[in-house]
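Asker: Can you keep this structure in mind? I'll have questions shortly.
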Amino acid sequence: MTCITSTKHAAHRTSRAIPHHDSQKRGAAMSWRLVLPLAIAAVTFSGASGYAATPSSVQAKIRYCKDCHGLSAQGYRGYYPIPRLAGQQPQYLKNQLRAFINRSRPNPIMSNVAHVLRPGMIDAIASYFHRLHPPPIGGGPRGLVAAGRSIFENGVPQDDIAACAACHGPHATGRGEIPRLAGQLYHYVVKELSNFPRERGQNPAIHGPSFIMLPVAHSLNRHQIRAVAAFVSSLR
Amino acid sequence: MPVTPNGRRYLRLIGSSTRLALPATAIFLLALSAAGPAHAAGADTISRQAVNAKVKYCEICHGASMRGFRGFYPIPRLAGQQVEYIENELKGFAEHTRINRTAPGATNVMFNVGHVLSPAMVKALATKFHNFNPPPVGGAPTAHVAAGEKIFKQGIPGANVPACMSCHGPDAKGNGVIPRLAGQLYPYVVAQLTNWGHERTEKNSQIMAPIAHQLTKPQIEAVAAYVSGLR
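Given below as structure tokens:
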């Protein structure tokens, strides 16, 4: 809905701008003295709107995000598990949106969502979602929580699996570019860990956090993935 | 035991004497299986593959080339670290004289990591790490580097703080049981010096206890900023 409206506005602006420009060209030489300041004003204006999102446009965009990510961004089980964004680290959210835009994190739906977002909008929605704190949606197998806690806190050193807590924190709240896992959807965590190389944007050249997780996800077996997902999905 | 294509060709080569070849293969396999455990039991030899796999595991938290990583906690640089120091710390973790918990009540993360390592693996890893030389991670505040350098080189005699350099060396490279500080993560050095007595209770660390206790917070931050920038 938001996308359609903004496209209409853009089209409207263009249709008005072109005849105006043409008439200027058709006019006398004096009109050039008008065009240049107008062009400068236009560039300045579009530049400013690119970095400062208005409160109403931010609110509209947040409602749009919540259509899929849940009314309080607690995550939602659609056809696919749609992740919780509430309480998520702003730097992580920004990195992921950028990864969707440059398609290093392959997800066609999110690429379309993200590539219309200006940097100012990305900053605004990332800090908004960070402040939300709804309870976890639940639904993970409770029987696996204890086993998952052990993996999360201690790792499995004999299988070369690092303790999740070392980077994600003892309460799985994450830090900076390292994501919060507390309260994340069980099915989403299982899906990401099971399919890590194809789900996440990782670039060996920059050795970013997704690249760091690659060997960990690879070393975890199915049972361990389900256990650790059950544990983190239960955390508040 | 499935017969590989190569194995079949070998059998064909010796022609009709399959009756001979089978016992020969059996003896060969027996010899192999006997050699296997003997090889593993000699704990001072470790395959390069096993060491490299373990190095990869360590790099997950300690960063590429062990340059250190800012996870939820600052995870220290081990690149260029003194071999004996790394051995001592891993021993300290295994004996619970060096405490490293991610949460109150949680078990000691580095205890879990350390206690599955054989002494030969510890030695091999420590040697590997000692030979890494990536640039420092950086990120320390630059304002107090000069003050930190002064503390490092001259100490604070009025506060009974000796010059760090007298033990850690003029380039902060350390020596034997004394750790390298050059390029160490700023927040890690700050955390260690601030929390010395709670984390480091092993014998070798006792010499640092009064020094860490004497340093004020701004002094700790200054000296941490200085060493974290050294290559």
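Protein chains in written order, with this note's numbering: chain W, 1 to 236; chain H, 237 to 467. Beta carbons: idealized from backbone N, C-alpha and C, even for Gly.
Among the residues of its own chain, which have a CB less than 8 Å from the CB of W/D160, if the five just before and after it don't count?
Answerer: In the first sequence, residue 160 of chain W corresponds to position 160, counting from 1. Around W/D160: P215, S219.
Asker: My understanding is that H/A362 touches H/E331, with C-beta atoms under 8 Å, so please give their C-beta distance in whole angstroms.
Answerer: Taking the first residue of the second sequence as 1, we reach residue 362 of chain H at position 126. Taking the first residue of the second sequence as 1, we reach residue 331 of chain H at position 95. That pair is no contact at about 17 Å.
Asker: Near W/L97, what residues of its chain come up, given a Cβ to Cβ distance below 6 Å and the 5 sequence neighbours on each side ignored?
Answerer: Numbered from its first residue, the first sequence carries residue 97 of chain W at position 97. Within the same chain, W/L97 has close Cβ partners A114, I122.
Asker: Using a Cβ-Cβ cutoff of less than 7 Å, which residues in the same chain neighbour H/M401 once the five nearest sequence positions on both sides are dropped?
Answerer: Position 165 of the second sequence holds residue 401 of chain H. Answer for H/M401: F388, K389, listed in chain order.
Asker: State the DSSP-derived secondary structure class of H/F368, mapped to helix, strand or coil.
Answerer: On the second sequence, position 132 is the one that residue 368 of chain H refers to. Here H/F368 sits in coil by DSSP.
Asker: Find out if the Cβ-Cβ distance for the pair W/A182, W/A172 is shorter than 8 Å.
Answerer: Reading the first sequence from its first residue, position 182 is the one you call residue 182 of chain W. Reading the first sequence from its first residue, position 172 is the one you call residue 172 of chain W. Their beta carbons are under 8 Å apart, which means W/A182 touches W/A172 by this criterion.
Asker: If you check the beta carbons only, do H/R313 and H/G307 fall under 8 Å apart?
Answerer: One-based indexing of the second sequence puts residue 313 of chain H at position 77. One-based indexing of the second sequence puts residue 307 of chain H at position 71. No; because the gap between Cβ atoms is not below 8 Å, this pair is not in contact.
Asker: Please determine, among W/L144, W/G148, W/M110, W/A126, the residue with the shortest C-alpha to C-alpha distance to W/K94.
Answerer: The residue you call residue 94 of chain W lines up with position 94 of the first sequence. Here the closest residue by C-alpha is W/A126.
Asker: Can you grab the Cα-Cα spacing for the pair W/K61 / W/V228, in whole Å?
Answerer: One-based indexing of the first sequence puts residue 61 of chain W at position 61. One-based indexing of the first sequence puts residue 228 of chain W at position 228. When rounded, the distance between both Cα atoms is 33 Å.
Asker: Under 6 Å Cβ to Cβ from W/R149, same chain only, skipping five residues before and after it: list those, please.
Answerer: Here residue 149 of chain W is taken as the residue at index 149 of the first sequence, counted from 1. Only F231 meet the Cβ criterion.
Asker: List the residues of chain W that H/T430 touches, going by C-beta distances under 7 Å, in chain order.
Answerer: Here residue 430 of chain H refers to the residue found at position 194 when the second sequence is read from its first residue. Residues of chain W passing the Cβ test: none, with the nearest at roughly 18 Å.
Asker: If the cut is a Cβ gap below 8 Å, which residues of chain H does W/Q158 touch?
Answerer: For the purposes of this step, residue 158 of chain W is taken as the residue at position 158 of the first sequence. Ordered by position in chain H, the residues that pass the 8 Å Cβ test against W/Q158 are V352.
Asker: Could you tell me which whole alpha helix (DSSP H) segments of length 4 or greater appear in the segment 88–128 of chain W?
Answerer: 90–101, 108–115
Asker: So, using beta-carbon positions, are H/G391 and H/P398 closer together than 8 Å?
Answerer: For the purposes of this step, residue 391 of chain H is taken as residue 155 along the second sequence, with counting starting at 1. For the purposes of this step, residue 398 of chain H is taken as residue 162 along the second sequence, with counting starting at 1. Yes; because the gap between Cβ atoms is below 8 Å, this pair is in contact.
Asker: Can you tell me where the alpha helix (DSSP H) holding W/T173 begins and where it ends?
Answerer: Counting from 1 along the first sequence, the entry for residue 173 of chain W is found at position 173. Neither: W/T173 is in no alpha helix (DSSP H) and is coded neither H nor E.
Asker: Any beta carbon of chain W sitting closer than 8 Å to that of H/A360?
Answerer: Here residue 360 of chain H refers to the residue found at position 124 when the second sequence is read from its first residue. For H/A360, the answer is no, since every Cβ of chain W falls outside 8 Å of its Cβ.
Asker: Considering only the alpha carbon of each residue, which of W/Y79, W/F129, W/G75 lies closest to W/Q59?
Answerer: To locate residue 59 of chain W, count along the first sequence from 1; it is residue 59. For W/Q59, the nearest C-alpha among the options comes from W/F129.
Asker: Pop quiz: H/H429 and H/A408 are said to be a contact at Cβ under 8 Å. What is the actual Cβ separation, rounded to whole angstroms?
Answerer: Within the second sequence, residue 429 of chain H is the residue found at index 193, counting from 1. Within the second sequence, residue 408 of chain H is the residue found at index 172, counting from 1. Just to set this straight, residue 429 of chain H is Leu in the shown sequence, not His. Incorrect: roughly 14 Å between the Cβ atoms, too far for contact.
Asker: Which chain H residues sit within Cβ distance under 8 Å of W/E199?
Answerer: Working through the first sequence from its first residue, we reach residue 199 of chain W at position 199. Here the premise fails: no neighbours, minimum Cβ distance about 18 Å.
Asker: Looking at the structure shown, is H/Y462 part of a helix, part of a strand, or coil, going by DSSP?
Answerer: Locating residue 462 of chain H in the second sequence gives position 226, counting from the first residue. H/Y462 falls in the helix class under three-state DSSP.
Asker: Short of 7 Å in beta carbon distance, which residues of its chain neighbour H/E476, apart from the five on each side in sequence? Order them along the chain.
Answerer: The question about residue 476 of chain H has no answer, for chain H in this structure spans 237 to 467.
Asker: Quick test of your reading: H/M357 and H/I311, contact by CB under 8 Å. State the CB separation rounded to the nearest angstrom.
Answerer: As a working mapping, residue 357 of chain H is identified with position 121 in the second sequence. As a working mapping, residue 311 of chain H is identified with position 75 in the second sequence. 20 Å between Cβ atoms; not a contact.
Asker: Report the rounded CA-to-CA distance for H/G375 versus H/Y422, giving the unit in angstroms.
Answerer: Position 139 of the second sequence, counting from 1, holds the residue named residue 375 of chain H. Position 186 of the second sequence, counting from 1, holds the residue named residue 422 of chain H. C-alpha separation (whole angstroms): 7 Å.
Asker: With distance defined between alpha-carbon atoms, name the residue in H/Q442, H/V287, H/K439 nearest to H/K359.
Answerer: Position 123 of the second sequence, counted from the start, is the residue given in the question as residue 359 of chain H. Scanning H/Q442, H/V287, H/K439 for the CA closest to the CA of H/K359 turns up H/V287.
Asker: Residues in its own chain within less than 7 Å of W/P55 by CB, not counting five upstream and five downstream?
Answerer: Your numbering for residue 55 of chain W matches position 55 in the first sequence. So no residue of the chain qualifies.
Asker: Jot down the residue ranges of each uninterrupted alpha helix (DSSP H) in the segment 172–232 of chain W, minimum 4 residues, whole runs only, in chain order.
Answerer: 186–194, 196–199, 209–219
Asker: Note down, in chain order, each residue of its chain lying with its Cβ closer than 7 Å to the Cβ of H/Q450, except the 5 sequence neighbours on either side.
Answerer: What you label residue 450 of chain H is simply residue 214 of the second sequence in a count that begins at 1. Closer than 7 Å at the Cβ level, and outside the excluded window around H/Q450, lie A395, N396, V397.
Asker: Out of W/K191, W/P179, W/Q158, W/P135, which one is the CA nearest neighbour of W/P90?
Answerer: Against the first sequence, residue 90 of chain W aligns to sequence position 90. Measuring from the Cα of W/P90, the nearest candidate turns out to be W/P179.
Asker: Can you give me the C-alpha to C-alpha distance between H/A418 and W/G87, rounded to a whole angstrom?
Answerer: Here residue 418 of chain H refers to the residue found at position 182 of the second sequence. Here residue 87 of chain W refers to the residue found at position 87 of the first sequence. C-alpha separation (whole angstroms): 36 Å.
Asker: If you compare alpha carbons, which of H/V349, H/Q285, H/P393, H/G316 is closest to H/C297?
Answerer: Translated into the one-based positions of the second sequence, residue 297 of chain H becomes position 61. It is H/V349 whose Cα lies nearest to the Cα of H/C297.
Asker: Report the neighbours of H/N369 on chain W: residues whose CB is nearer than 9 Å to its CB, in chain order.
Answerer: Here the question's residue 369 of chain H lines up with position 133 in the second sequence. Ordered by position in chain W, no residue passes the 9 Å Cβ test against H/N369, which lies about 17 Å from the chain.
Asker: Could you pull out every unbroken beta strand (DSSP E) segment of at least 3 residues lying fully inside the segment 374–425 of chain H, listed in chain order?
Answerer: For secondary structure counted as the beta strand (DSSP E) over 3 or more consecutive residues, the segment 374–425 of chain H holds no complete run.
Asker: By Cβ distance, which residues of its chain are closer than 7 Å to H/R467, with the 5 residues on each side in sequence left out?
Answerer: For the purposes of this step, residue 467 of chain H is taken as the residue at position 231 of the second sequence. Counting only Cβ-Cβ distances below 7 Å, and skipping sequence neighbours, we find P371, P372, A418, G419.
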